[in-house]
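Colleague: Going down the list, the protein sequences come from chains A and B. Going by the working numbering, 462 is the number at position 462 of the first sequence; the sequence numbering is gapless. The working numbering runs 467 ahead of the 1-based position in the second sequence. We put the CB at the ideal spot given by N, CA and C, even for glycine. These numbers were taken from a predicted model, which means no experiment stands behind them.
Number of protein chains: 2
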Amino acid sequence: MSDVLIQRIKELEAELEKLRSQLKESSETGDVEMSSSPSLNEDCKSDGNTGSSKKERKKSGKDRPFDFSAHPRRHVALRLAYLGWAYQGFAVQENTDNTVEARLFEALLKTRLIQDRQTSNYHRCGRTDKGVSAFSQVITIDLRSTQFCAGLGITLPENVDVSTKAASSATSELPYVKMLNRVLPQDIRVLDWAPVVEGFSARFDCQSRTYRYYFPRGSLDVVLMAEAAKRYEGTHDFRNLCKMDVGNGVLQFERTILSATVKPAQPQHASSTDQYDLFIFEIKGLAFLYHQVRCMMAVLLLIGQKLEAADIINQLLDVENNPRKPQYSMAVDYPLVLYNCHFEGLSWTQESEEGGFVLAALQQHWTQSTVKAHVLQGMIQGLEDRGAVSSNHCWLVEGSRQRNYRPLLERPCCESLESRINHFVKRGRLEREEGENGGEMIHRGKRSKHSNISSETPKQNMDSKED
Amino acid sequence: MSDVLIQRIKELEAELEKLRSQLKESSETGDVEMSSSPSLNEDCKSDGNTGSSKKERKKSGKDRPFDFSAHPRRHVALRLAYLGWAYQGFAVQENTDNTVEARLFEALLKTRLIQDRQTSNYHRCGRTDKGVSAFSQVITIDLRSTQFCAGLGITLPENVDVSTKAASSATSELPYVKMLNRVLPQDIRVLDWAPVVEGFSARFDCQSRTYRYYFPRGSLDVVLMAEAAKRYEGTHDFRNLCKMDVGNGVLQFERTILSATVKPAQPQHASSTDQYDLFIFEIKGLAFLYHQVRCMMAVLLLIGQKLEAADIINQLLDVENNPRKPQYSMAVDYPLVLYNCHFEGLSWTQESEEGGFVLAALQQHWTQSTVKAHVLQGMIQGLEDRGAVSSNHCWLVEGSRQRNYRPLLERPCCESLESRINHFVKRGRLEREEGENGGEMIHRGKRSKHSNISSETPKQNMDSKED
Numbered sequence: 001m002s003d004v005l006i007q008r009i010k011e012l013e014a015e016l017e018k019l020r021s022q023l024k025e026s027s028e029t030g031d032v033e034m035s036s037s038p039s040l041n042e043d044c045k046s047d048g049n050t051g052s053s054k055k056e057r058k059k060s061g062k063d064r065p066f067d068f069s070a071h072p073r074r075h076v077a078l079r080l081a082y083l084g085w086a087y088q089g090f091a092v093q094e095n096t097d098n099t100v101e102a103r104l105f106e107a108l109l110k111t112r113l114i115q116d117r118q119t120s121n122y123h124r125c126g127r128t129d130k131g132v133s134a135f136s137q138v139i140t141i142d143l144r145s146t147q148f149c150a151g152l153g154i155t156l157p158e159n160v161d162v163s164t165k166a167a168s169s170a171t172s173e174l175p176y177v178k179m180l181n182r183v184l185p186q187d188i189r190v191l192d193w194a195p196v197v198e199g200f201s202a203r204f205d206c207q208s209r210t211y212r213y214y215f216p217r218g219s220l221d222v223v224l225m226a227e228a229a230k231r232y233e234g235t236h237d238f239r240n241l242c243k244m245d246v247g248n249g250v251l252q253f254e255r256t257i258l259s260a261t262v263k264p265a266q267p268q269h270a271s272s273t274d275q276y277d278l279f280i281f282e283i284k285g286l287a288f289l290y291h292q293v294r295c296m297m298a299v300l301l302l303i304g305q306k307l308e309a310a311d312i313i314n315q316l317l318d319v320e321n322n323p324r325k326p327q328y329s330m331a332v333d334y335p336l337v338l339y340n341c342h343f344e345g346l347s348w349t350q351e352s353e354e355g356g357f358v359l360a361a362l363q364q365h366w367t368q369s370t371v372k373a374h375v376l377q378g379m380i381q382g383l384e385d386r387g388a389v390s391s392n393h394c395w396l397v398e399g400s401r402q403r404n405y406r407p408l409l410e411r412p413c414c415e416s417l418e419s420r421i422n423h424f425v426k427r428g429r430l431e432r433e434e435g436e437n438g439g440e441m442i443h444r445g446k447r448s449k450h451s452n453i454s455s456e457t458p459k460q461n462m463d464s465k466e467d
Numbered sequence: 468m469s470d471v472l473i474q475r476i477k478e479l480e481a482e483l484e485k486l487r488s489q490l491k492e493s494s495e496t497g498d499v500e501m502s503s504s505p506s507l508n509e510d511c512k513s514d515g516n517t518g519s520s521k522k523e524r525k526k527s528g529k530d531r532p533f534d535f536s537a538h539p540r541r542h543v544a545l546r547l548a549y550l551g552w553a554y555q556g557f558a559v560q561e562n563t564d565n566t567v568e569a570r571l572f573e574a575l576l577k578t579r580l581i582q583d584r585q586t587s588n589y590h591r592c593g594r595t596d597k598g599v600s601a602f603s604q605v606i607t608i609d610l611r612s613t614q615f616c617a618g619l620g621i622t623l624p625e626n627v628d629v630s631t632k633a634a635s636s637a638t639s640e641l642p643y644v645k646m647l648n649r650v651l652p653q654d655i656r657v658l659d660w661a662p663v664v665e666g667f668s669a670r671f672d673c674q675s676r677t678y679r680y681y682f683p684r685g686s687l688d689v690v691l692m693a694e695a696a697k698r699y700e701g702t703h704d705f706r707n708l709c710k711m712d713v714g715n716g717v718l719q720f721e722r723t724i725l726s727a728t729v730k731p732a733q734p735q736h737a738s739s740t741d742q743y744d745l746f747i748f749e750i751k752g753l754a755f756l757y758h759q760v761r762c763m764m765a766v767l768l769l770i771g772q773k774l775e776a777a778d779i780i781n782q783l784l785d786v787e788n789n790p791r792k793p794q795y796s797m798a799v800d801y802p803l804v805l806y807n808c809h810f811e812g813l814s815w816t817q818e819s820e821e822g823g824f825v826l827a828a829l830q831q832h833w834t835q836s837t838v839k840a841h842v843l844q845g846m847i848q849g850l851e852d853r854g855a856v857s858s859n860h861c862w863l864v865e866g867s868r869q870r871n872y873r874p875l876l877e878r879p880c881c882e883s884l885e886s887r888i889n890h891f892v893k894r895g896r897l898e899r900e901e902g903e904n905g906g907e908m909i910h911r912g913k914r915s916k917h918s919n920i921s922s923e924t925p926k927q928n929m930d931s932k933e934d
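(1) Per DSSP, residue 234 of chain A is paired with what?
(2) Is there a C-beta anywhere in chain D that falls below 8 Å from the one on residue 652 of chain B?
(3) To be precise: take each residue of the stretch 801-815 of chain B, compare its Cβ to all Cβ atoms of chain A, and keep it if any distance is under 9 Å. Which residues remain?
(4) Considering only residues of the same chain and omitting the five flanking positions on each side of residue 389 of chain A, which have a CB-CB separation below 7 Å?
(5) Taking three-plus beta-carbon pairs below 8 Å as touching, is the stretch 717-725 of chain B in contact with the stretch 688-708 of chain B?
(6) Helix, strand or coil for residue 395 of chain A per DSSP?
(7) Since residue 351 of chain A is in the beta strand (DSSP E), which residue starts that stretch and which ends it?
(8) What span of residues does the beta strand (DSSP E) with residue 896 of chain B cover, start to end?
(9) Which first and last residues belong to the beta strand (DSSP E) in which residue 189 of chain A is found?
(10) With C-beta atoms as the reference, is residue 684 of chain B less than 8 Å away from residue 744 of chain B?
(11) Helix, strand or coil for residue 267 of chain A per DSSP?
(12) Mind checking which residues open and close the alpha helix (DSSP H) that includes residue 645 of chain B?
(13) According to the Cβ coordinates, are residue 793 of chain B and residue 878 of chain B closer than 8 Å?
(14) Can you tell me where the alpha helix (DSSP H) with residue 314 of chain A in it begins and where it stops?
(15) What residues in the stretch 840-852 of chain B have a beta carbon less than 9 Å from any beta carbon of chain A?
(16) Listing by chain order, which chain B residues have their CB less than 7 Å from the CB of residue 367 of chain A?
(17) Cα separation between residue 98 of chain A and residue 127 of chain A?
(18) Closest to residue 145 of chain A by C-alpha separation, out of A:72, A:15, A:121, would be which residue?
(19) Counting only runs of 3+ residues fully inside the stretch 664-693 of chain B, write out the beta strand (DSSP E) ranges in chain order.
(20) Assuming residue 859 of chain B and residue 686 of chain B make a contact with CB atoms under 8 Å, what is their CB distance in whole Å?
(21) So which residues on chain B does residue 389 of chain A lean against when the C-beta distance must stay under 7 Å?
(22) Quick one: does residue 524 of chain B have its CB under 8 Å from some CB of chain A?
(23) Please state if the CB of residue 332 of chain A and the CB of residue 134 of chain A are separated by a distance shorter than 8 Å.
(24) At 3 residues or longer, what runs of the beta strand (DSSP E) sit wholly inside the stretch 735-808 of chain B?
(25) Is residue 156 of chain A helix, strand or coil by DSSP?
(26) Would you kindly work out how many angstroms separate the C-alpha atoms of residue 628 of chain B and residue 537 of chain B, rounded to a whole number?
(27) Does the beta carbon of residue 789 of chain B fall short of 7 Å from some heavy atom of the ligand MN?
(28) Counting only Cβ pairs nearer than 7 Å, list the residues of chain B close to residue 133 of chain A.
(29) Along the chain, where does the alpha helix (DSSP H) that runs through residue 103 of chain A open and close?
(30) Taking Cβ to Cβ, would you say residue 714 of chain B is nearer than 8 Å to residue 891 of chain B?
(31) Nearest by alpha-carbon distance to residue 91 of chain A: which of A:115, A:123, A:110 is it?
(32) With DSSP as the reference, identify every bridge partner of residue 909 of chain B, one or two as the case may be.
(33) Could one say the Cβ of residue 305 of chain A lies closer than 8 Å to chain B's Cβ atoms, at least one of them?
(34) Closest to residue 191 of chain A by CA distance: which of B:854, B:596, B:864 is it?
(35) Please classify residue 80 of chain A: does DSSP put it in a helix, a strand, or coil?
(36) Report yes or no: do the stretch 833-840 of chain B and the stretch 367-381 of chain A share at least 3 C-beta pairs separated by less than 8 Å?
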């Protein structure tokens, strides 16, 4: 009996070994580079850690007590770019550590730029979902500073005689961008930073957010899509074009879209009609609901395939006549980029060389993607030359084209807003109350997770979640 | 004791399960689709397995004895396309099972199209290396057939009364393409097949092979590269532009290049000077040496970066004056495609729908690659708009540009051919003999791995390895 068991154990161990090496291989091939910065050994001369030796600095952050109270702090905005394809989203999550924010906070702690997240006065401009990338994610936060003189957003340490330090007012600030990029993973980069006044918030002071969604023409009618996109512009109730997040306190769905366009990625070849041309759906708004852009894109794709008329947008925005969202899938994640978060009056400070490093790394990574795309295109061309014919199935959607398309307005609907509110009121997460002027007010219930839910004063830059 | 062993077994099984799902997850994210063919349950009506039920056919191949001798065989050519990025090369290897050929033979065995590899009369046109793709890999092999009448390449079964089967001469042949594509992995596809005369060989009867290497312009001088490439044309000794494989019996390095060009991937935009334009180095030859194309490309890239003059090619081909290869790295693997293998007089038989399925799957996969490339390009554009400047480092080469470039002819050299021959002669793998006319003949030694090594009759289509 033991022999049989021992044999089984040997087989299992061999199998495990094989799988482990396969797993190692496949995780190595998926590696994404956004950095070609020099060796980590290159030391950073203006680092304020004058009191510690280099060796000590390389120890784990937890081992060495660091006296944050001896240093000034300053309130800054950091501008980040990241490739979202390998992450479970931007925001920290309970069930996974594989988020952009988790990596960011590791870097901030490791570089001793903050003491901990809770006291860092951290705000983020938007939350991007799993698979979604960003070129201009902005966060505001208090970081350790070398500036012992008063200045924009600077808080001097208490119990420190700043007059003795005043001579070092000529000290340059810590090179935040370089320090963080050295320890961040390759596919997350700090692009630049800006000093900001205390109280400035990435979340509440953002003037507008711009998303881009990239897609190939295929057999889509992009002219029709461009015309249809305009219908999104203006202030509308977008409940039928998002994933309602009532449980998190999002109770009103009016948002303002400043512009919504569909344009070729390469404008210089605008007269081309090639199905392999790329287009960009670019949308600028004050703030966005959860999955809003991807729902808007999904509907545009249906219009581009001529499965729906452009007018479907007007109907979906008419929440009086269409109070409940029809069931449809949102567009896939990987083509979406939070391209710009706009703030007035910030002086973005770049650090010499850093921009060049990020550019070089992006160019190498772009090379890999585009070369593979061309290998595939060569094969596509070869097949077409031999007579293979494209179906008119949308290439962004996996699987085959559905045989019988069911118009949106004939489909089953999702729960209404009222029904969802009732659901949470029953569970004590929300409470109804008679408000002023006899209107109904809904706010946090006793069992709510969040402290700040009210449907009475909707502010468009106070999103709990974005796409 | 048994309890401890049983416990260990349970632990190992749990660990295995965990790894399997991780592996599945990571292979799904890296999953390459080349097929959108219908469900595997769709049965294939003209399958000659009339004697067995469907249930039996779905059992593992090993369980059910199959009488191959009752069926005709036919000699065919199969044309394959595969994306090499997830494989350790085309040819079966001892230390890994992750090769295109391994998957191919699994499929051939599973579909009962062959009994075993050894008796299948298998030849392949070329061997592609790890990471290298193919659009026209051709193999020749004997497959099970339904054709009981005499025909091109058909061998009738012995001891079977074919006259009773003659009525089924109207039976169509097995749908080889469909049968294999149903069981092959997504990134390996059979495109079509051709009946061939017995004795026809994918290896020896190939008229020419064409490779393509895709690369972005970046800061390369592509005009100079195009002019330089012409110097490869003609019959030359390419020992300085390959990896010598003396141990495997490759002892002479003369090869004929029919054409070598550098052209834009999109000819319609030929007047563009954009650094993000893609180019193709396309090279057609009778046969190629191991890593030859990648070495040729590496030298072209040095010329394009103006680190070497175009004349370096002439010098490397001048083996009298430069008998030993300077040390240099070959170009990376992923941009290389074995694009065409040319055979005269074959009637490639396509199966309806299969071409369309492969095309649709390639388009979806192309969409992923090109969308990601455009996301990256959008970020690159944004950085350039903010003043970031490209270095002139070649984007195909990882890492930073070397500070001091060392000209090829000033570098240390690899071993000479003579030295390598001596090495193997010492070990008994090769033997020297005085040949006719007083010349030296080198052939298989007593301890050689291969039976067919001789340097006296070089045939250009008898490569043991190709790039």
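Modeller: Looking at the atomic coordinates:
(1) Working through the first sequence from its first residue, we reach residue 234 of chain A at position 234. According to DSSP, residue 234 of chain A bridges with A:257.
(2) The structure shown contains no chain D; the protein chains it does contain are A and B.
(3) Listed by position along the chain: 801, 802, 803, 804, 806, 807, 815.
(4) Walking along the first sequence from the start, residue 389 of chain A turns up at place 389. Here the set comprises nothing.
(5) Touching, yes.
(6) As a working mapping, residue 395 of chain A is identified with position 395 in the first sequence. Residue state, collapsed to three classes: coil.
(7) Numbered from its first residue, the first sequence carries residue 351 of chain A at position 351. That residue, residue 351 of chain A, is in no beta strand (DSSP E); it is neither H nor E in DSSP.
(8) Walking along the second sequence from the start, residue 896 of chain B turns up at place 429. Careful: residue 896 of chain B lies outside any beta strand (DSSP E) and carries neither H nor E.
(9) If you number the first sequence from 1, residue 189 of chain A lands on position 189. Residues 188-195.
(10) If you number the second sequence from 1, residue 684 of chain B lands on position 217. If you number the second sequence from 1, residue 744 of chain B lands on position 277. A contact, by the Cβ cut-off of 8 Å.
(11) The residue labelled residue 267 of chain A in the question sits at position 267 within the first sequence. Helix at residue 267 of chain A.
(12) Mapped onto the second sequence, residue 645 of chain B falls at position 178. 643-650 is the extent of the alpha helix (DSSP H) around residue 645 of chain B.
(13) Within the second sequence, the letter at position 326 stands for residue 793 of chain B. Within the second sequence, the letter at position 411 stands for residue 878 of chain B. For residue 793 of chain B and residue 878 of chain B, yes; Cβs fall inside 8 Å.
(14) Along the first sequence, one-based indexing puts residue 314 of chain A at 314. Run containing residue 314 of chain A: 312-317, per the alpha helix (DSSP H) assignment.
(15) Going along the stretch 840-852 of chain B in chain order, one finds 840, 841, 842, 843, 844, 845, 846, 847, 849, 850, 851 with a Cβ nearer than 9 Å to chain A.
(16) Indexing the first sequence from 1 puts residue 367 of chain A at position 367. Per Cβ cutoff of 7 Å: 683, 862, 863.
(17) Taking the first sequence and counting its residues from 1, one reaches residue 98 of chain A at position 98. Taking the first sequence and counting its residues from 1, one reaches residue 127 of chain A at position 127. If you take the alpha carbons of residue 98 of chain A and residue 127 of chain A, they lie about 14 Å apart.
(18) The residue labelled residue 145 of chain A in the question sits at position 145 within the first sequence. Checked all of A:72, A:15, A:121; the closest Cα to residue 145 of chain A is A:72.
(19) Runs of the beta strand (DSSP E) inside the stretch 664-693 of chain B: 675-683.
(20) For this step, residue 859 of chain B is matched to residue 392 along the second sequence. For this step, residue 686 of chain B is matched to residue 219 along the second sequence. Cβ-Cβ separation between residue 859 of chain B and residue 686 of chain B: approximately 4 Å, consistent with a contact (criterion under 8 Å).
(21) Taking the first sequence and counting its residues from 1, one reaches residue 389 of chain A at position 389. By Cβ distance, chain B contributes 823.
(22) By 1-based counting over the second sequence, the position of residue 524 of chain B is 57. With a pLDDT of 46 at residue 524 of chain B, under the threshold of 50, the modelled position of this residue cannot be trusted, and the question is left open.
(23) Counting from 1 along the first sequence, the entry for residue 134 of chain A is found at position 134. Counting from 1 along the first sequence, the entry for residue 332 of chain A is found at position 332. Not closer than 8 Å, so no.
(24) The stretch 735-808 of chain B contains these whole beta strand (DSSP E) runs: 745-752.
(25) Numbered from 1 along the first sequence, position 156 holds the residue referred to as residue 156 of chain A. Three-state DSSP puts residue 156 of chain A in coil, outside helix and strand.
(26) The residue you call residue 628 of chain B lines up with position 161 of the second sequence. The residue you call residue 537 of chain B lines up with position 70 of the second sequence. Just so you know, the alpha carbons of residue 628 of chain B and residue 537 of chain B end up roughly 10 Å apart.
(27) Ligands are entirely absent from the displayed structure, and the ligand MN is therefore not among its contents.
(28) Taking the first sequence and counting its residues from 1, one reaches residue 133 of chain A at position 133. Chain B residues near residue 133 of chain A: 842.
(29) To locate residue 103 of chain A, count along the first sequence from 1; it is residue 103. Run containing residue 103 of chain A: 100-110, per the alpha helix (DSSP H) assignment.
(30) For the purposes of this step, residue 714 of chain B is taken as residue 247 along the second sequence, with counting starting at 1. For the purposes of this step, residue 891 of chain B is taken as residue 424 along the second sequence, with counting starting at 1. Yes. Within cutoff.
(31) Looking up residue 91 of chain A in the first sequence gives position 91. Measuring from the Cα of residue 91 of chain A, the nearest candidate turns out to be A:123.
(32) In the second sequence, residue 909 of chain B corresponds to position 442, counting from 1. Answer is B:899.
(33) Translated into the one-based positions of the first sequence, residue 305 of chain A becomes position 305. No, residue 305 of chain A lies away from the interface with chain B (no Cβ there is under 8 Å from its Cβ).
(34) The residue given as residue 191 of chain A occupies position 191 in the first sequence. Distance check between residue 191 of chain A and each of B:854, B:596, B:864 places B:854 closest, using alpha-carbon atoms only.
(35) Position 80 of the first sequence, counting from 1, holds the residue named residue 80 of chain A. Reduced to three states, the DSSP call for residue 80 of chain A is strand.
(36) Yes: the two stretches touch, three or more of their Cβ pairs being nearer than 8 Å.
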